[in-house]
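*Asks:*
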Amino acid sequence: LLQRAEPLYEATAQVQVVHRKADARLEQFLTERDLTDATHVIRSDALLEPVYKEDLADRKLKLLQGVSDKRMAAERLHGMVSIRERSANVLDIVVKGKFGDEVAVIANAIANRYLKMQEEDFEDASVKVSGLLSDAEIRLENEVTEAEAEFIEFLKEHGLKEDGSSGHAVNLEGFTAKQRELVIRKAEVKAEFDTLNEAMKRGDSREALLLLIGKHNEGTTVSSEAAEHSSAQTLTEALFPLLMEEALLAGQYGEKHPKLETVRKRIALTRQHFEKLTGIIESERSESEASLPDIGEGQDFLTIYLKSLEQEIRGIERKEEEIGALADKE
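The working numbering puts the first residue of the sequence shown at 14, with every later residue one more than the last.
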């Protein structure tokens with residue numbers, strides 16, 4: 014007698030994979046992925062176990078008879094599921110089994126679970142950025158309030174007046190005004206540094222962090238007036254964005270790309286311009302370049318940016334010490 018093979022039924026559910034980019038300005042930091050990652054996720058225990066435990070728990074399916082725990086269920090579902098890639102980032106989730114009505118239920122449950130995971134993984138970057146900015150604003154307000162209290166206490170301790178009645182009032186007022194600017198600026202930079210550093214430690218998304226950096230730096234430029242009265246520090250500030258762009262282009266396009274050559278010409282012209290305006294000597298140039306963060310090959314942009322914030326904080330603290338010493342002489 015010929016043994017008749019049991020028929021296998023097949024059900025298909027389709028999902029579209031979304032690799033979201035939060036902002037067009039971030040394209041140089043992101044790469045488009047294929048669908049391999051989505052295929053792995055759909056057939057992984059991390060997805061199939063909750064499908065059994067939460068989505069199919071009350072179904073009492075014959076295809077899952079004898080299953081005693083979620084691990085065993087994931088193994089059985091894994092054997093039923095296969096993935097077919099289609100165009101436009103669409104995947105077919107194919108489930109095969111002996112019972113036609115049940116394979117359709119399983120296919121739909123897996124598709125719905127994957128869509129739910131996508132929604133959780135790709136939470137809108139603007140929500141995260143808004144939270145980061147709110148935290149930074151609260152921290153900054155507290156630090157500015159403390160800085161103002163310290164400033165008032167400083168005035169009392171040194172017998173300084175703001176009405177100019179003292180013989181040294183004019184000079185001291187200038188010193189204290191500069192100190193106030195430095196205290197507030199240090200509080201701003203430190204708040205930005207702490208916010209980014211904590212966000213990186215929490216593992217927040219790279220898109221949200223880069224958007225936060227762009228928000229802090231929005232509208233920041235080096236003015237021509239500042240360049241004409243520049244020192245080695247101003248030269249550092251003028252060159253840093255160009256050197257940053259040079260490092261990113263070298264990693265993205267290679268050493269011989271025309272864009273990289275253009276940036277290097279701009280760096281050379283900037284140095285020549287500062288030398289003509291201020292007579293910068295070779296030792297000052299070395300000092301300026303030595304103060305820049307070490308942008309090594311392949312180094313992460315966020316790490317470089319945190320280094321630049323640390324450098325700025327140290328520079329502000331040195332200025333505070335220098336101005337404090339001058340004020341003590343008055």
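Positions of the beta carbon are idealized from the N, C-alpha and C atoms, including for glycine. Since this is a predicted model, take the numbers as computed values, not measurements.
Taking only three categories from DSSP, how would you classify L104?
*Replies:* As a position in the sequence shown, residue 104 is number 91, starting the count at 1. If DSSP states are grouped into helix, strand and coil, L104 belongs with the strands.
*Asks:* Can you tell me whether Q265 is helix, strand or coil according to DSSP?
*Replies:* As a position in the sequence shown, residue 265 is number 252, starting the count at 1. Reduced to three states, the DSSP call for Q265 is helix.
*Asks:* For V54, report the span of its alpha helix (DSSP H) as first-last.
*Replies:* Counted from its first residue, the sequence shown places residue 54 at position 41. Looking at the DSSP string, the run of the alpha helix (DSSP H) that includes V54 is T49 to I55.
*Asks:* Within the continuous alpha helix (DSSP H) that includes A86, where are the two ends?
*Replies:* For the purposes of this step, residue 86 is taken as residue 73 along the sequence shown, with counting starting at 1. A86 -> alpha helix (DSSP H) spans K83 to M93.
*Asks:* Drop a sphere of 10 angstroms on the beta-carbon of S147, count the other beta-carbons inside from all chains shown, and report buried for 16 or more, exposed for fewer.
*Replies:* On the sequence shown, position 134 is the one that residue 147 refers to. So S147 counts as exposed.
*Asks:* In the DSSP output, what is T25 paired with across the bridge?
*Replies:* As a first step, residue 25 must be located in the sequence shown, where it is residue number 12. DSSP output for T25 lists V107 as bridge partner(s).
*Asks:* Measure the alpha-carbon distance for T25 versus K214 and round it to whole angstroms.
*Replies:* Working through the sequence shown from its first residue, we reach residue 25 at position 12. Working through the sequence shown from its first residue, we reach residue 214 at position 201. Each residue's alpha carbon lies about 41 angstroms from the other.
*Asks:* Determine the direct distance from the alpha carbon of E201 to that of Q312, and round the result to whole angstroms.
*Replies:* Your numbering for residue 312 matches position 299 in the sequence shown. Your numbering for residue 201 matches position 188 in the sequence shown. At Q312, the pLDDT of 43 sits below 50, so the modelled position is not reliable and the matter cannot be decided from this model.
*Asks:* E62 lies in the alpha helix (DSSP H); which residues open and close that run?
*Replies:* Against the sequence shown, residue 62 aligns to sequence position 49. E62 -> alpha helix (DSSP H) spans D58 to P63.
*Asks:* When you measure from the CB of K111 to every non-hydrogen atom of the ligand MG, does any distance come out below 6 angstroms?
*Replies:* Ligands in the displayed structure: none, and consequently the ligand MG is not present.
*Asks:* Output the distance between the C-alpha atoms of R152 and A204, rounded to the nearest integer angstrom.
*Replies:* As a working mapping, residue 152 is identified with position 139 in the sequence shown. As a working mapping, residue 204 is identified with position 191 in the sequence shown. Near 6 angstroms, if we compare the C-alpha coordinates of A204 and R152.
*Asks:* Where does E98 sit, in a helix, a strand or coil, going by DSSP?
*Replies:* As a working note, residue 98 is residue 85 in the sequence shown. Note: E98 maps to strand in three-state DSSP.
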